[in-house]
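Visitor: Our numbering applies: residue 1 is where the sequence shown begins, and numbers increase by one.
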Amino acid sequence: MAATRLLMRRLRDLLRLKYEAGLTHRAIAQACAVGLGTVSAYLARATAAGVTWPLPDDLDDAALEARLFAGPVDPARVDRAVPAWPHLHQELKRPGVTLHLLWTEYRGAHPTGFAYSQFCERYRRWARVLKPSMRQVHRAGEKLFVDFSGKRPALVDATTGEVVPVELFVGVLGASGLIYAEATRSQDLASWVGAHVRMVEYFGGSPAIWVPDNLKSGVTTAHYYEPEINRTYTDLATHYGAIVLPARAAHPQDKPKVEVSVQIAQRWILAVLRHRTFFTLADLNAAIRTCLEGVNARPMQAVGVSRRALFEQLDRPALRPLPASRYELATWKPCRVNIDYHVEVDHNWYSVPYQLVHARVEARATATTVEVFLTGRRVASHARRPGRGRFATDVAHMPRAHRAHAEWTPSRLIGWAEQTGAATGRLVAGILERRPHPEQGYRSCLGLMRLGRTYGRDRLDAACARAERLRSYSYRTVEHILTHQQDRLPLDEPAPARPALTHENLRGATYYEEAYADTPDDREAPRPAPDGDGHGV
Numbered sequence: 001m002a003a004t005r006l007l008m009r010r011l012r013d014l015l016r017l018k019y020e021a022g023l024t025h026r027a028i029a030q031a032c033a034v035g036l037g038t039v040s041a042y043l044a045r046a047t048a049a050g051v052t053w054p055l056p057d058d059l060d061d062a063a064l065e066a067r068l069f070a071g072p073v074d075p076a077r078v079d080r081a082v083p084a085w086p087h088l089h090q091e092l093k094r095p096g097v098t099l100h101l102l103w104t105e106y107r108g109a110h111p112t113g114f115a116y117s118q119f120c121e122r123y124r125r126w127a128r129v130l131k132p133s134m135r136q137v138h139r140a141g142e143k144l145f146v147d148f149s150g151k152r153p154a155l156v157d158a159t160t161g162e163v164v165p166v167e168l169f170v171g172v173l174g175a176s177g178l179i180y181a182e183a184t185r186s187q188d189l190a191s192w193v194g195a196h197v198r199m200v201e202y203f204g205g206s207p208a209i210w211v212p213d214n215l216k217s218g219v220t221t222a223h224y225y226e227p228e229i230n231r232t233y234t235d236l237a238t239h240y241g242a243i244v245l246p247a248r249a250a251h252p253q254d255k256p257k258v259e260v261s262v263q264i265a266q267r268w269i270l271a272v273l274r275h276r277t278f279f280t281l282a283d284l285n286a287a288i289r290t291c292l293e294g295v296n297a298r299p300m301q302a303v304g305v306s307r308r309a310l311f312e313q314l315d316r317p318a319l320r321p322l323p324a325s326r327y328e329l330a331t332w333k334p335c336r337v338n339i340d341y342h343v344e345v346d347h348n349w350y351s352v353p354y355q356l357v358h359a360r361v362e363a364r365a366t367a368t369t370v371e372v373f374l375t376g377r378r379v380a381s382h383a384r385r386p387g388r389g390r391f392a393t394d395v396a397h398m399p400r401a402h403r404a405h406a407e408w409t410p411s412r413l414i415g416w417a418e419q420t421g422a423a424t425g426r427l428v429a430g431i432l433e434r435r436p437h438p439e440q441g442y443r444s445c446l447g448l449m450r451l452g453r454t455y456g457r458d459r460l461d462a463a464c465a466r467a468e469r470l471r472s473y474s475y476r477t478v479e480h481i482l483t484h485q486q487d488r489l490p491l492d493e494p495a496p497a498r499p500a501l502t503h504e505n506l507r508g509a510t511y512y513e514e515a516y517a518d519t520p521d522d523r524e525a526p527r528p529a530p531d532g533d534g535h536g537v
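1. Drop a sphere of 10 angstroms on the beta-carbon of Asp533, count the other beta-carbons inside from all chains shown, and report buried for 16 or more, exposed for fewer.
2. Would you identify the three-state DSSP class for His342, choosing helix, strand or coil?
3. Excluding the 5 residues flanking Tyr516 on each side, which residues of the same chain have their C-beta closer than 7 Å to its C-beta?
4. According to DSSP, is Ser444 helix, strand or coil?
5. Enumerated in chain order, which unbroken segments of the alpha helix (DSSP H) with a length of 4 residues or greater are wholly contained in the segment 355–392?
6. Which value, in whole angstroms, describes the spacing of the CA atoms of Leu273 and Ala287?
7. Please list the terminal residues of the continuous alpha helix (DSSP H) segment that includes Glu468.
8. Determine whether the beta carbon atoms of Lys257 and Ile209 lie at a separation below 8 Å.
9. Assess contact between the segment 143–158 and the segment 259–277, defined as three or more Cβ pairs (one per stretch) separated by less than 8 Å. Is contact present?
10. Less than 8 Å between the CB atoms is what I'm expecting for Val372 and Val379, so what's the real figure, rounded?
11. Leaving out five residues before and five after Gly452 in sequence, what residues of the same chain have Cβ atoms less than 7 Å from its Cβ?
12. Where does Asp147 fall in DSSP's three states?
13. Once DSSP output is grouped into helix, strand and coil, what is the label at Glu226?
14. Could you give the distance in angstroms between the alpha-carbon of Leu314 and the alpha-carbon of Gly387?
15. Where do the ends of the alpha helix (DSSP H) carrying Tyr106 lie?
16. If you measure between the beta carbons of Ala297 and Arg289, is that distance less than 8 Å?
17. So, with DSSP's three-state summary, where would you put Asn214?
18. Give the list of continuous alpha helix (DSSP H) stretches no shorter than 4 residues that lie fully inside the segment 284–315.
19. Can you give me the Cβ contacts of Arg10 inside the same chain, cut-off strictly under 6 Å, excluding the 5 residues immediately before and after it?
20. Could you name the residues of the same chain whose beta carbon sits closer than 8 Å to that of Ala76, not counting the 5 residues immediately before and after it, in chain order?
21. Exposed or buried, what is Leu178 when buried is set at 16 or more other beta-carbons lying within 10 Å of its beta-carbon?
22. Please report the residue range of the beta strand (DSSP E) in which Val219 lies.
23. Here's a check: name, in chain order, each residue in its chain whose Cβ is nearer than 7 Å to the Cβ of Ser261, leaving out the five neighbours to either side.
24. Could you pull out every residue in the same chain whose Cβ sits closer than 7 Å to the Cβ of Thr393, ignoring the five residues on either side in sequence?
25. What separation, rounded to the nearest whole angstrom, lies between the Cα atoms of Leu68 and Ala21?
26. For Met398, count neighbouring C-beta atoms within 10 Å of its own C-beta (all shown protein chains included) and say buried if the count is 16 or more, exposed if not.
27. Kindly list the residues whose CB is nearer than 6 Å to the CB of Glu228, restricted to its own chain and excluding five residues on each side of it in sequence; keep chain order.
28. Provide the residue(s) that pair with Arg336 in DSSP beta bridges, ordered along the chain.
29. Just list the beta strand (DSSP E) runs in the segment 168–202, keeping only unbroken ones of 3 residues or longer that don't cross its boundaries, in chain order.
30. Note down the Cα distance separating Asp13 from Arg128, rounded to an integer number of angstroms.
31. Which residue's Cα is closest to the Cα of Leu322: Asp346, Phe203, Ala365, Thr38?
32. Among the residues of its own chain, which have a CB less than 6 Å from the CB of Met199, if the five just before and after it don't count?
33. Assign Ser206 to one of three DSSP states: helix, strand, or coil.
34. Only counting the same chain, and skipping five residues up and downstream in sequence, which positions put a Cβ closer than 6 Å to that of Pro132?
35. Do Leu245 and Val211 come within 8 Å of each other at the CB atom, strictly closer than that value?
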């Protein structure tokens, strides 16, 4: 199941990068950590199935898998002409000549020749023999490199004077080298996500690929071939139209841009601010921003122009525009639906459709909302509950029997009882009042409803009147009265009060009041004074 979800998520990334980002097959293969042949095969299946981007909202993972993998794709096999690689290699050195232009000319001469991705792959394979190492070439708006600095700034606690180290987050665009830096409290997920959000807002857009290091906030499980990206980090990148391609563990050469930018931040930001004392993170970041603008505006020695000028020329036009809403931090948690069709998120329980009992789902929790997803499709949404041990239950998620039971409330039960008769209404109200919780009396009240259907309203109301006279507010009492037909008997009128008896030998209630009216209470009489031995005289 997990493998299928990963496959579908990767397939969605392939379609988005192909049709929305317009990346080449090789770039897509590198970004999604799959083989070039896999990219071509998946996109061929998507084309054959008529699947384009964006996908319809109602197309979940199961439906997408069924459409694309219903049957094998059998592309026609044709002989392809092999290009003259030495000639193409020399042509590439001419100004303005690109592989795409050479491929277009090649396909014009050989219509059944290699596709563009295969053309580029075979050329690079041939050229790799000539030059074992290649300098990285970054296209405008394509890659963003991010990392934390090993050297950290610090704050001073204004109360205790304690020095508190904080983190320095650094990001850099691949093409222009524009740097972003800010201080964060730690390297936890909230700080990591918040720094990314403010960074893309500083750039005014987002590149297509984010390249982080293998820290836990970004990469859950580091792996040479298939690293597992943190679900929240993936959600963040998707919100800004990007994908995450982490660098290989212990391979700093995969992200030389950010390694150099971290050194620049340490030399031209941390070193410049080393003699200043900061008490709040906001003051520290304001000073960092001032130094940062100077670094980005300073001309670079190698090219003679500033990072800011290159950014305006190269990266800014190519960046993806920011979405209308800012990303809201969300945490993801795999869950199994309990037998009561609820899932647990932060010690509270949220309902899903009862048909999903025992299913494995994913819960996405923000500060205000909890959403539950099954194979990429949202199946439930609730307002997040504060505290612990609370339940959020949607009536539509319940089975029919549970739904009918949940619709009963104390006021509704009393209203129904009053339609049967006044005595029934008073008895139901008494049952609910005498329970520690009204819900504990629901079953008794529903039992009275059943008795009404069996014996009729008139007999039930008469039985309730007799039970009320007995001050026995229970279902069993009413059932006993109806079973033994005691409701048909007339209610005994209360006996009148008996007059008080008078006799010369009976003293009466006022006798003692009259007899001792003038006698002081013995308890108030003075006691004899003690003698010298402590005994009375």
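By construction, the Cβ of each residue, glycine as well, lies at the ideal position given by its N, Cα and C atoms.
None of these values were measured; they are calculated from a predicted model.
Guide: The short version:
1. Because the pLDDT at Asp533 is just 45, under 50, the model does not fix this residue reliably, and the point stays unresolved.
2. strand
3. Bear in mind that a pLDDT of 48 at Tyr516, under 50, signals an unreliable position, so the number given afterwards is only what the model happens to contain. Counting only Cβ-Cβ distances below 7 Å, and skipping sequence neighbours, we find nothing.
4. helix
5. none
6. 8 Å
7. 457–469
8. no
9. yes
10. 5 Å
11. Thr420, Leu460
12. strand
13. coil
14. 50 Å
15. 99–109
16. no
17. coil
18. 307–310
19. Cys32
20. At Ala76, the pLDDT of 43 sits below 50, so the modelled position is not reliable; the number obtained from the coordinates is stated separately. Within the same chain, Ala76 has no close Cβ partners at all.
21. buried
22. 219–221
23. Val170, Val172, Ile179
24. Ser351
25. 21 Å
26. buried
27. Thr220, Thr221
28. Arg360
29. 179–184
30. 29 Å
31. Phe203
32. Gly171, Tyr180
33. strand
34. Because Pro132 sits at a pLDDT of 43, beneath the cut-off of 50, its placement in the model cannot be relied upon, and the following sentence gives the value as read from the coordinates. Nothing meets the Cβ criterion.
35. yes
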